[in-house]
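Asks: Before anything else, here's the structure in question.
Number of protein chains: 2
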Amino acid sequence: MNVIYNPNRSQWQELTQRPVFDVTELFSVVSPIFKAVSERGDDALKELELQFDKVSLQTLRVGDDEINEADSLLDTNLKDAINKAYDNIYAFHDAQRFEQIEVETMPGVKCVQKAVPVEKVGLYIPGGTAPLFSTVLMLGVPAKIAGCKQVIVCTPPSCEGKVNPAILYAAKCCGITEIFKIGGAQAIAAMSVGTASVPKVDKIFGPGNQYVMAAKQLAALSNVAIDMPAGPSEVEVLVDDTCVPAFVAADLLSQAEHGPDSQVVLVSTTDNDVVKLIEEELEHQLNELPRKDFAAKALRNSRCVLFDNMQDAIDFTNEYAPEHLIIAAEDYNDIANQITHAGSVFLGNYSCESAGDYASGTNHTLPTKAWAKAYSGLCLDSFIRKITFQEITEEGVKNLAGIVETMAEAECLDAHKNAMKFRRKSLNI
Amino acid sequence: MNVIYNPNRSQWQELTQRPVFDVTELFSVVSPIFKAVSERGDDALKELELQFDKVSLQTLRVGDDEINEADSLLDTNLKDAINKAYDNIYAFHDAQRFEQIEVETMPGVKCVQKAVPVEKVGLYIPGGTAPLFSTVLMLGVPAKIAGCKQVIVCTPPSCEGKVNPAILYAAKCCGITEIFKIGGAQAIAAMSVGTASVPKVDKIFGPGNQYVMAAKQLAALSNVAIDMPAGPSEVEVLVDDTCVPAFVAADLLSQAEHGPDSQVVLVSTTDNDVVKLIEEELEHQLNELPRKDFAAKALRNSRCVLFDNMQDAIDFTNEYAPEHLIIAAEDYNDIANQITHAGSVFLGNYSCESAGDYASGTNHTLPTKAWAKAYSGLCLDSFIRKITFQEITEEGVKNLAGIVETMAEAECLDAHKNAMKFRRKSLNI
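Top line first, the protein sequences correspond to chains A and B. Take any residue in the first sequence, note its place counting from 1, add 150, and you have its number in my numbering. Take any residue in the second sequence, note its place counting from 1, add 150, and you have its number in my numbering.
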């Protein structure tokens, strides 16, 4: 790790910067994929699957046989674990339900805000180096609670043309039956334009590589919404002398193993000895990891920032706005109360990121690249919309007419004024 | 209006389609503006103001003198109206505050969801053909309630280099003091990259022409969030025989006067006579309007869709997903309960759109172009973020460890497993 001592505030911007990446440069790569899928639908999807996932598919949709078979292929332990994670995620997201709001702002003027689900949602589940069935739960559970009418999943198949059974099992837990063997930008294109097999959705969710992300951002410019922009995953571990070096090292590595571009930051108010212990643990634990090449690369770009006092450490953290923040410090509740920019926060020595990644109940789809300054992590809100309603009675017209007519006139919008004036006059007010 | 009788469902897609518009085509126009503002800051902004708003500015920020003067320039009636609108908008948005959620998903596993304001927000207020001070209230009031730390406004100055006093007065009501004389794409560029005068913000809000919208969407691809994508304003009026033709015509015209590209749709279950009465009223009222050229153009593209039964009318409405929906029909509450796709809904003969545009309390920043299928209108949520926290105790580790370790192993993420395993082992579990 690169250790930086007490950086001056003028250096913070540089220290908190992520690699700059212009997503529009990838539009030229993903645009032709959208064009092909728009014009030739399923045929184009099958060709693209052959090209990118090296698999020749007869049908894109996963059949009932394959879904039922998943149940028998999966270890009972894993099914139990998925079921329990499902319960925790369900409990936390179910508590996020929105109660309708009704306010009579003036006598005769009733305003209502009501939630409705996003009707058609598409969940993208990456394949690649790890089968991310946990992401199925993180997206599928809130979609189910929200009451989305149509929930589909796209995920790249293996070279045998199969979907990982854990993904199918997790989907089944969430009541999802429409699953398609499509990966990459072509999956995003399919869900945003629709084909004979794949329904067009209203909103697309889920992680992916830079091509998937570029495809989502391109799609969001036309006719579909997306959950959030995203970059490589990040963790910051904020520690004081009460931290446990072995735990801190394990947390840093659990981020680093995601990929060579993972962002790993240690912020510390401890003396050098604790940092050295953490570094020793890092080296020791790293050697045992199957994905150590990824992790080692990510660690080479990682930083340890040492501060004299906790207030600077907190301010720096808010400037960095990490996706995941672990606070392994004595006063973790006091510190947490001052955290305004983070995706999800893990409190104390026993709260590891992997708890939230899988099963504590919080969502693991979170804003990266300091997007936490403007975006929430995925939650029930992501799957609903709020519509407002207003009911104005004769008394309401009496109370509102003067205000509306005066303002409309001042904005030079006479027809707006008339709409109220005609109603007022009809009541002889 | 073009009248269509009982269209077959297969025709609905075409009938509900908005003009197709590829925002990326405008990126080549707005990109150089971003580049200029990034590289040369305030100097570039002043040059662009001279070029586009025909005004030579010494300073970009509105001074205290001009703000104080606004108070004396404004009619007392208008100030009263603004104050009362402010109160209603405040009351409805204040009721939208989010209460922290805490759930113990398992013994020893506490999950919390907490709201924090978006710290720095930028509000764009168009100038042009009408001074939209009402938009200042619609954006400024929820920003104030949310507790945003820094709220700035950009708005194009008049050719005398002044900002409309009603805009300044409305801003003052919302406690906004940082106001800049900058319009168009350059305003969006300034707020997204920051200059010596204009602070960089985390999220940009507000309406604008197609260049402003393209600039917002381009900005949203890099480092700033936006409220929502947007196109020309829209109204659908859904009527039965109980509607008042003069009111309906006034409502259609109040949308049409926004501009020649405004979308105006009448959906009716009445017989032809009622439609004829509405058309007569349209013609009659149109001739009295100062903005009749705009309105007449918008009306030429408008549609009246007649259905035999209300269920088809409701289904068609949900397919169209209008920004504003006025339900001038007897069973307006029953119908409203079946509306799943709309920005804001106006119930009954006395609820005109202009009530919500100005003063009922609901927000007038709403999703157009069928974006209502995926987006909410602006509300308090738009100015907050929700952060999750989790605190896991020793008991929590005991309950979670097996689940997390099993899932991490199945996802081939050993370091994720280790982070939990080391904690479990330290407790001799």
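Here a beta-carbon is modelled for each residue, glycine too, at the ideal position from N, C-alpha and C.
With distance defined between alpha-carbon atoms, name the residue in M378/B, T538/B, Y525/B, E561/B nearest to G358/B.
Replies: The shortest C-alpha separation from G358/B is found at M378/B.
Asks: What are the boundary residues of the alpha helix (DSSP H) that includes T285/A?
Replies: 283-296 is the span of the alpha helix (DSSP H), which, as asked, contains T285/A.
Asks: Might you give, ordered along the chain, the residues of its own chain that have their beta carbon closer than 6 Å to the beta carbon of L318/A, omitting 5 neighbours on each side?
Replies: Excluding positions up to five away in sequence, the list reads I217, A220.
Asks: So, does the CB of Y500/B fall closer than 7 Å to a CB anywhere in chain A?
Replies: Yes, because at least one Cβ of chain A sits closer than 7 Å to the Cβ of Y500/B.
Asks: Could you tell me the distance, in whole angstroms, from the CA atom of F177/A to the CA atom of P306/A?
Replies: So the two alpha carbons sit approximately 21 Å from each other.
Asks: Which whole-angstrom value describes the C-beta separation of A321/B and V268/A, a residue pair presumed to lie in contact below a C-beta threshold of 8 Å?
Replies: The Cβ separation is near 34 Å, so there is no contact.
Asks: Is the distance from the Cβ of K260/A to the Cβ of E469/A below 7 Å?
Replies: Going by C-beta atoms, K260/A is not nearer than 7 Å to E469/A.
Asks: Closer than 8 Å is the cut-off here; do at least three beta carbon pairs connect the stretch 344-352 of chain A with the stretch 245-255 of chain A?
Replies: Result no; under three Cβ-Cβ pairs closer than 8 Å.
Asks: Can you check the stretch 339-414 of chain A for any beta strand (DSSP E) of at least 3 residues that lies completely inside it and give the ranges in chain order?
Replies: With a minimum length of 3 residues, the continuous beta strand (DSSP E) runs that stay inside the stretch 339-414 of chain A are 353-355, 384-389.
Asks: Beta-carbon separation of F539/B and A486/A under 7 Å?
Replies: In this structure, A486/A lies closer than 7 Å to F539/B by Cβ.
Asks: Within 10 angstroms of its Cβ, does N568/A collect 16 or more other Cβ (buried), or is it exposed?
Replies: That one is buried.
Asks: What three-state label does DSSP hand A245/B in the structure shown?
Replies: Looking at A245/B - three-state DSSP - the assignment turns out to be coil, as it is neither helix nor strand.
Asks: So Y508/A contacts chain B; which residues on that side make the cut at Cβ distance below 8 Å?
Replies: Per Cβ cutoff of 8 Å: I553, V554, M557, A558, H566.
Asks: To the nearest angstrom, how far is the alpha carbon of V417/B from that of E384/B?
Replies: Distance between the alpha carbons of V417/B and E384/B: 13 Å.
Asks: I'd like to know if the stretch 204-217 of chain A and the stretch 288-301 of chain A are in contact, where contact means that at least 3 CB-CB pairs between them fall below 8 Å.
Replies: Flag = no, the stretch 204-217 of chain A and the stretch 288-301 of chain A do not touch.
Asks: With respect to the alpha helix (DSSP H) encompassing S494/A, which residues constitute its N-terminal and C-terminal limits?
Replies: Careful: S494/A lies outside any alpha helix (DSSP H), inside the beta strand (DSSP E) at 494-497.
Asks: Evaluate Q208/B with the Cβ neighbour count: other Cβ atoms within 10 Å of its Cβ, from every protein chain shown; 16 or more gives buried, anything less gives exposed.
Replies: Answer is exposed; the Cβ neighbour count stays below 16.
Asks: What is the rounded straight-line gap between the Cα of I576/B and the Cα of L388/A?
Replies: Sequence inspection shows Ser at residue 576/B; the Ile mentioned does not correspond to that position. So the two alpha carbons sit approximately 21 Å from each other.
Asks: Between which two residues does the beta strand (DSSP E) containing T174/A stretch?
Replies: Careful: T174/A lies outside any beta strand (DSSP E), inside the alpha helix (DSSP H) at 174-203.
Asks: What is the DSSP secondary structure of A265/B, reduced to helix, strand or coil?
Replies: Of the three classes helix, strand and coil, the one that applies to A265/B here is strand, per DSSP.
Asks: Using only the alpha-carbon positions, how far apart do G527/A and K196/B sit?
Replies: Using only the alpha carbons, I get a separation of about 38 Å.
Asks: Around the C-beta of Q435/B, are 16 or more other C-beta atoms found within 10 angstroms, so that it is buried, or is it exposed?
Replies: So Q435/B ends up on the buried side.
Asks: Less than 7 Å between the beta carbons of V509/B and I553/A, yes or no?
Replies: Sequence check: residue 509/B is Ala here, not Val. Yes; because the gap between Cβ atoms is below 7 Å, this pair is in contact.
Asks: At 3 residues or longer, what runs of the beta strand (DSSP E) sit wholly inside the stretch 521-545 of chain B?
Replies: Counting whole runs of 3 or more residues, the stretch 521-545 of chain B contains the beta strand (DSSP E) stretches 534-542.
Asks: Taking the beta strand (DSSP E) that R168/A belongs to, which residues open and close that run?
Replies: Counting along the chain, R168/A falls outside any beta strand (DSSP E), and DSSP gives it neither H nor E.
Asks: Please classify H474/A: does DSSP put it in a helix, a strand, or coil?
Replies: H474/A: strand per DSSP, three-state reduction.
Asks: By Cβ distance below 7 Å, which residues in the same chain neighbour K519/B in space, the five residues on each side in sequence not counted?
Replies: The answer, listed in chain order, is R168, G381.
Asks: Does the Cβ-Cβ distance between T356/A and Y240/A come in under 7 Å?
Replies: Per the sequence presented here, residue 356/A reads as Gly, with Thr not at that position. No; because the gap between Cβ atoms is not below 7 Å, this pair is not in contact.
Asks: Within 10 angstroms of the Cβ of K426/B, are there 16 or more other Cβ atoms? Answer buried if so, exposed if not.
Replies: By the 10 Å Cβ count, K426/B comes out exposed.
Asks: Rounding to the nearest angstrom, what Cα-Cα distance links V187/A and Q413/B in this structure?
Replies: Near 30 Å, if we compare the C-alpha coordinates of Q413/B and V187/A.
Asks: What does F242/A touch in chain B if you count any residue whose Cβ is under 7 Å from its own?
Replies: Correct list: V253, T255, C261.
Asks: Near K571/A, which residues of its chain fall below 8 Å by C-beta distance, leaving aside the five closest residues on each side in sequence?
Replies: For K571/A, where only same-chain residues beyond five positions count, the Cβ hits under 8 Å are A551, E555.
Asks: Measure the Cβ-Cβ separation of R573/B and Y500/A and say whether it is below 7 Å.
Replies: Yes, the pair counts as a contact, with Cβ atoms nearer than the cut-off.
Asks: Could you give the C-beta distance for S404/A and H566/B, rounded to a whole number, given that I count them as a contact under 8 Å?
Replies: S404/A to H566/B, Cβ: 5 Å. Contact.
Asks: Which one of A478/A, T419/A, A399/A has the shortest CA to CA distance from A446/A?
Replies: Nearest of A478/A, T419/A, A399/A to A446/A, Cα basis: A399/A.
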